[in-house]
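Student: Mapping to the numbering used here: the sequence shown position 163 is 158, numbers consecutive.
Each residue gets a CB set at the ideal place from its N, CA and C atoms; glycine is no exception.
Only a predicted model underlies this, so the values are computations on that prediction, with no experimental measurement involved.
Here it is: the structure, laid out below.
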Amino acid sequence: MILIIVESPAKCKKIEGFLGNDYKCIASFGHFREFTNGLKSIDFNNNYKAEYKVSHNKKKYVNIMRASIKKASEVILATDDDREGEAIAWHICKLFNLPILTTKRIIFHEITKKAILQAVNNPTILNMDEVRAQQARQILDLIVGFTVSPVLWKYISRNTEKGLSAGRCQTPALNLVYENDLECKKAKGETVYETKGTFTHLNILYKLNKSFIEKDTAFDFLKKSKDFKYIMNVNDKKRVKKSPPKPFITSTLQQKASNTYNFSPKTTMRLAQTLYENGYITYMRTDNAKYSLDFIESTKKYINQKWNSKYIGNKLENISLKEDSDDKSDKSDKKSDKSDKKSDKNNLAQEAHEAIRPTDILKEIVQNPKIGDMEKKLYYLIWSNALESCMEASIYDVISSYIDAPDSLKHKNIKYKNNCEKNVFPGWEIVKGIEKDDEIFEFINSLQESKKVGYREIKSVITIKKLKTHYTEARLVQLLEKNGIGRPSTFSSLVSKIMERLYVKKMNIVGKKIECENLLLKKDEEIKEEKIKKSFGDEKNKLVIQPVGIIVIEFLNKYFDNLFNYDYTKNMEENLDKISAGNFKLKKLCDDCRKEIDLAIKNISRKEKSPTNKRDSKMKKGIKIDEKHRWIIGKYGPVILCEEGGNISFKKVKPDIDIEKLKKGGYKIEEIIQINENKAKTLGQIEGEDIIIKKGKFGLYFSFKGKNKSLKYVNKNIQEITLDDVKKIIEKKVAGKSNILKKISDVASVRQGKYGPYVFYKTENMTKPTFISIKKKAWKDIDMEWILNSL
-4 MILIIVESPA KCKKIEGFLG NDYKCIASFG HFREFTNGLK SIDFNNNYKA
46 EYKVSHNKKK YVNIMRASIK KASEVILATD DDREGEAIAW HICKLFNLPI
96 LTTKRIIFHE ITKKAILQAV NNPTILNMDE VRAQQARQIL DLIVGFTVSP
146 VLWKYISRNT EKGLSAGRCQ TPALNLVYEN DLECKKAKGE TVYETKGTFT
196 HLNILYKLNK SFIEKDTAFD FLKKSKDFKY IMNVNDKKRV KKSPPKPFIT
246 STLQQKASNT YNFSPKTTMR LAQTLYENGY ITYMRTDNAK YSLDFIESTK
296 KYINQKWNSK YIGNKLENIS LKEDSDDKSD KSDKKSDKSD KKSDKNNLAQ
346 EAHEAIRPTD ILKEIVQNPK IGDMEKKLYY LIWSNALESC MEASIYDVIS
396 SYIDAPDSLK HKNIKYKNNC EKNVFPGWEI VKGIEKDDEI FEFINSLQES
446 KKVGYREIKS VITIKKLKTH YTEARLVQLL EKNGIGRPST FSSLVSKIME
496 RLYVKKMNIV GKKIECENLL LKKDEEIKEE KIKKSFGDEK NKLVIQPVGI
546 IVIEFLNKYF DNLFNYDYTK NMEENLDKIS AGNFKLKKLC DDCRKEIDLA
596 IKNISRKEKS PTNKRDSKMK KGIKIDEKHR WIIGKYGPVI LCEEGGNISF
646 KKVKPDIDIE KLKKGGYKIE EIIQINENKA KTLGQIEGED IIIKKGKFGL
696 YFSFKGKNKS LKYVNKNIQE ITLDDVKKII EKKVAGKSNI LKKISDVASV
746 RQGKYGPYVF YKTENMTKPT FISIKKKAWK DIDMEWILNS L
């Protein structure tokens, strides 16, 4: 029996089916060994030799591997084709005494019969340079985490529930969010009037090319607009091409899935893993935006048969691998060619795999009932992008036209402008289809000379320009790649890590509400003023740094800037690349890192006074509010430390405290202390009876006419509940009519069942809903991310 060892058990059945009864496939279940004892596991004086032990939760799988290896006539290592996979293969050899120089190692990037057979027929051996690069990465992470994190405990807080930590890539990732937050706060925005008008019998929308700062200027402009003689002029028609999308790499897939389906990077990778293991797509962790020659040829054939040869891209050589080989021995040759390929991919690209694509272009959709709807959506995204990227550009005729406008108080020669287009050749856009409405284009195109036109209405509305927005998870992943922070295999975990540490929170942001006085001019009518309240800067599902994150990153930037700046992190990744190519030594890289940390810690010791006792430790940390109060980081996050009469106590902090304002002494203590929600709150009277909100064992309630009534359906905290909320319950407009505790989205909600709360999930494509038990999870904390990870 020939034994093949992979990382994931989901691959085994397919691989055994491809290879027949002479082969058996088992899984290591990822990494199964870990350092024995933190930094003590590393012998710094012996070339950083490390000691490992079997992870406690992997002993079962190690025993299965041991028994299977004993029975096997031959062992073939088939772990993933990346550094972690190479390291896992090495650990298998070391733990089970398999010869490193002769044990077969096979490489494949898709789980198809052709790919598996080709890999088995073309085995290689372990790439020890890749193993050393992975070990260097692991040791560097250990050195940074185990050396810098204790400094945070010493000078900021030791007792947080999640534990303050620094990380080689985690900290630069946090800094990207921090810098984004500073930009958002700095960009106050500029309030202006923007003007648009509809002209001609077709009500074509035109936008004025100037904005007005004052209302008076906008009003004067509309006043002059009322009887102005409008002349439309048309520029020459231009022909433009719209390029097809580029092949997916890890970061661009995550971004597209986020923009299209609101999938987080973590969710996208989980779904992609399922598709890969079931043989539908190629390996999903890649920096290389190129396809194999076989895939290019099969896609060209598909395009020609479905449409015609005109739709086949004419620059496919730019997205084709020069050599169509799965043999990992090609890697050294590919790396030497990097300088020739910098124009079309990240400088740090590993080029270990193809771009992410379907294994079979003929398979437009996944019809396997065992594959979920979310996986099917992601597959179509990957399939359509791969197909479109191999097609010809779409072609449009574009016409720009403009209409003269009256001079304003402060502007002359201003104009209304409009661009419209007509599709001439669909190209890649034919895959999803193009909506055609050429009436406006044909009308404007028919005009041979200047034409008098009339307006239907002209409107000047207030807007706020130059606002900055917070990052999405996918945008952060893109920036991690751009700055050389981490690898495709680590991008999503880095984003998750800074949220798990409570440094960053994914949340909705309430914008600024302002009173708008918009101006409207309709044909043959007077100017009307419309007063409305409008919110600007609302954001959904964005990454926002939290107070704990700000305190941590500012401390690390102050004392460890050299260690965590983007260039240093990028250079470290480049040196790991050099180790994997056999051109750099693990010892030098780790030595340099340790020296950098030692210098920084000595600098802290000179500048920061170390706390001498427990009470002094608490009082020295945090931000001073007054002589008796200090904002500090406690076990569960920020709290107010109160010292009075020799006694120390702690009080809750209100959310959304501005740390910069706090540092400058901008808050009074009563402005930041959270009112105790356990206290009763009197709302007023109904039918002569006092309505008092209380908090009991099962949540908030009130008493009325001798009966207690629950407030759980109101879904507000005690400070937000109003007398109207209570009246609705008394009138039976809320209580008993709905079992929905919390609406999360159009497809998901938390509901009250006979045996407690549960999640109800049903999309348009599902014939039956999915019910998810929330077990010990507090239902108020359930969000879409939790639901997607639970499916």
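Do you know how far the Cα of I686 is from the Cα of Q680?
Tutor: The residue given as residue 680 occupies position 685 in the sequence shown. The residue given as residue 686 occupies position 691 in the sequence shown. Each residue's Cα considered, the two are about 6 Å apart.
Student: Where do the N-terminal and C-terminal ends of the beta strand (DSSP E) with E525 fall, by residue?
Tutor: The residue labelled residue 525 in the question sits at position 530 within the sequence shown. Counting along the chain, the beta strand (DSSP E) containing E525 begins and ends at K523 to F531.
Student: Taking the runs of the beta strand (DSSP E) that are 3 residues or longer, which of them lie wholly in the segment 633 to 668?
Tutor: DSSP runs (the beta strand (DSSP E)) wholly in the segment 633 to 668: 642 to 647.
Student: Taking 8 Å as the threshold (C-beta atoms), are P260 and S384 in contact?
Tutor: Along the sequence shown, read from residue 1 onward, the residue named residue 384 stands at position 389. Along the sequence shown, read from residue 1 onward, the residue named residue 260 stands at position 265. Cβ distance not < 8 Å, so S384 and P260 don't count as in contact.
Student: Taking three-plus beta-carbon pairs below 8 Å as touching, is the segment 386 to 396 in contact with the segment 405 to 415?
Tutor: Enough Cβ pairs lie closer than 8 Å, so yes.
Student: Counting Cβ pairs, one atom from each stretch, are 3 or more of them under 8 Å apart for the segment 547 to 565 and the segment 135 to 149?
Tutor: The segment 547 to 565, when compared against the segment 135 to 149, does touch it at the 8 Å Cβ threshold.
Student: Going by beta carbon distance, what residues of the same chain come within less than 6 Å of K738, once the five residues before and after it are set aside?
Tutor: The count along the sequence shown starts at 1 and reaches residue 738 at position 743. Only S744 meet the Cβ criterion.
Student: In the structure shown, what three-state DSSP assignment does I435 receive?
Tutor: Sequence index remark: in the sequence shown, residue 435 carries index 440 (1-based). Here I435 sits in helix by DSSP.
Student: Closest to K619 by CA distance: which of T166, Q669, I664 and D586 is it?
Tutor: Taking the first residue of the sequence shown as position 1, residue 619 is located at position 624. Out of T166, Q669, I664 and D586, I664 has the C-alpha closest to the C-alpha of K619.
Student: Please name the residue, chosen from Y47, G158 and V126, that lies closest to V543 on a Cα-to-Cα basis.
Tutor: Walking along the sequence shown from the start, residue 543 turns up at place 548. Checked all of Y47, G158 and V126; the closest Cα to V543 is G158.
Student: If you reduce the DSSP assignment to three classes, tell me which class I425 lands in.
Tutor: Here residue 425 refers to the residue found at position 430 when the sequence shown is read from its first residue. Here I425 sits in helix by DSSP.
Student: Quick check on the DSSP output: the beta strand (DSSP E) that includes W774 runs from which residue to which?
Tutor: Here residue 774 refers to the residue found at position 779 of the sequence shown. Here W774 belongs to no beta strand (DSSP E), and DSSP marks it neither H nor E.
Student: For L135, count neighbouring Cβ atoms within 10 angstroms of its own Cβ and tell me buried if that reaches 16, exposed if not.
Tutor: Looking up residue 135 in the sequence shown gives position 140. It is buried - the Cβ of L135 has at least 16 other Cβ atoms within 10 Å.
Student: Tell me the start and end of each unbroken alpha helix (DSSP H) in the segment 108 to 160 that is at least 4 residues and wholly inside, in chain order.
Tutor: Within the segment 108 to 160, the complete alpha helix (DSSP H) runs of at least 4 residues are 108 to 116 and 123 to 150.
Student: Is it right to say G12 is buried, meaning 16 or more other beta carbons lie within 10 angstroms of its own, or is it exposed?
Tutor: Position 17 of the sequence shown, counting from 1, holds the residue named residue 12. That one is exposed.
Student: Does the Cβ-Cβ distance between I725 and S152 come in under 8 Å?
Tutor: For this step, residue 725 is matched to residue 730 along the sequence shown. For this step, residue 152 is matched to residue 157 along the sequence shown. Cβ atoms of I725 and S152: not closer than 8 Å.
Student: Can you tell me which of the three DSSP states G701 falls into?
Tutor: Numbered from 1 along the sequence shown, position 706 holds the residue referred to as residue 701. G701 falls in the coil class under three-state DSSP.
Student: Do K205 and K191 count as a contact pair if the criterion is CB distance below 8 Å?
Tutor: The sequence position of residue 191 within the sequence shown is 196, counting from 1. The sequence position of residue 205 within the sequence shown is 210, counting from 1. Taking 8 Å as the Cβ cut-off, K191 and K205 do not qualify as a contacting pair.
Student: Mind the definition here: the segment 418 to 430 touches the segment 471 to 483 only if three or more C-beta pairs lie below 8 Å; say whether that holds.
Tutor: In short, these stretches do not touch, since the Cβ pair count stays below three.
Student: CB-CB under 8 Å to F194, same chain, minus the five flanking residues each way: which ones, in chain order?
Tutor: Taking the sequence shown and counting its residues from 1, one reaches residue 194 at position 199. Excluding residues within five positions, the ones whose Cβ falls inside 8 Å are Y201, Y225, M227, I398, Y411, V448, G449, Y450 and R451.
Student: With distances taken from CA atoms, which of H26, D38, E29 and I111 is nearest E(-1)?
Tutor: Stepping through the sequence shown from its first residue, residue -1 is reached at position 4. The sequence given here has Ile at residue -1, not Glu. The option with the nearest alpha carbon to I(-1) is I111.
Student: What does DSSP give as the partner residues of C415 in its beta bridges?
Tutor: For the purposes of this step, residue 415 is taken as the residue at position 420 of the sequence shown. Answer is I394.
Student: Using the Cβ count rule (16 or more neighbours within 10 Å means buried), how would you classify K251?
Tutor: Numbered from 1 along the sequence shown, position 256 holds the residue referred to as residue 251. Buried.
Student: Identify whether W626 lies in helix, strand or coil by the three-state DSSP scheme.
Tutor: Indexing the sequence shown from 1 puts residue 626 at position 631. In the structure shown, W626 sits in a strand (DSSP, three-state: E or B).
Student: For I95, collect the residues of the same chain with a Cβ closer than 6 Å to its Cβ; drop the 5 residues on either side in sequence, then sort them by chain order.
Tutor: Residue 95 sits at position 100 when you count from the first residue of the sequence shown. Same-chain partners within the cutoff: C88 and L121.
Student: In whole angstroms, what separates the C-alpha of S68 from that of M(-4)?
Tutor: The count along the sequence shown starts at 1 and reaches residue 68 at position 73. The count along the sequence shown starts at 1 and reaches residue -4 at position 1. Answer to the nearest angstrom: the Cα atoms are 5 Å apart.
Student: D399 bridges to which residues according to DSSP?
Tutor: In the sequence shown, the residue the question calls residue 399 occupies position 404. Beta-bridge pairing links D399 to K410.
Student: Measure the beta-carbon distance from K707 to F697 and round it to whole angstroms, keeping in mind my assumption that it falls under 8 Å.
Tutor: If you number the sequence shown from 1, residue 707 lands on position 712. If you number the sequence shown from 1, residue 697 lands on position 702. Wrong, their Cβ atoms sit about 12 Å apart, outside the cutoff.
Student: DSSP puts K446 in a beta bridge; with which residues?
Tutor: Here residue 446 refers to the residue found at position 451 of the sequence shown. Partner(s): M227.
Student: My parser needs the alpha helix (DSSP H) runs of 4 or more residues fully inside the segment 21 to 100; what are they?
Tutor: You should have 54 to 66 and 78 to 91.
Student: Sorted by chain position, which residues of the same chain lie with C-beta nearer than 7 Å to V634's C-beta, five sequence neighbours on each side aside?
Tutor: The residue labelled residue 634 in the question sits at position 639 within the sequence shown. I627, F645, K646, K647 and V648.
Student: Nearest-angstrom Cα distance between K109 and K757?
Tutor: Residue 109 sits at position 114 when you count from the first residue of the sequence shown. Residue 757 sits at position 762 when you count from the first residue of the sequence shown. Roughly 38 Å between the two C-alpha positions.
Student: Report the residue from Y391, E434, V115 and K689 whose alpha carbon sits nearest the alpha carbon of F420.
Tutor: Sequence index remark: in the sequence shown, residue 420 carries index 425 (1-based). It is Y391.
Student: Does the segment 777 to 785 come into contact with the segment 255 to 270, if we say contact requires no fewer than three beta-carbon pairs (one atom in each stretch) closer than 8 Å?
Tutor: Judged by Cβ distances under 8 Å, the segment 777 to 785 makes contact with the segment 255 to 270, as three or more pairs qualify.
Student: Is it the case that the Cβ atoms of E189 and V456 are separated by a distance below 8 Å?
Tutor: One-based indexing of the sequence shown puts residue 189 at position 194. One-based indexing of the sequence shown puts residue 456 at position 461. Yes. Within cutoff.
Student: Buried or exposed for A381, going by 16 or more other Cβ atoms inside 10 Å?
Tutor: Position 386 of the sequence shown, counted from the start, is the residue given in the question as residue 381. Classification for A381: buried.
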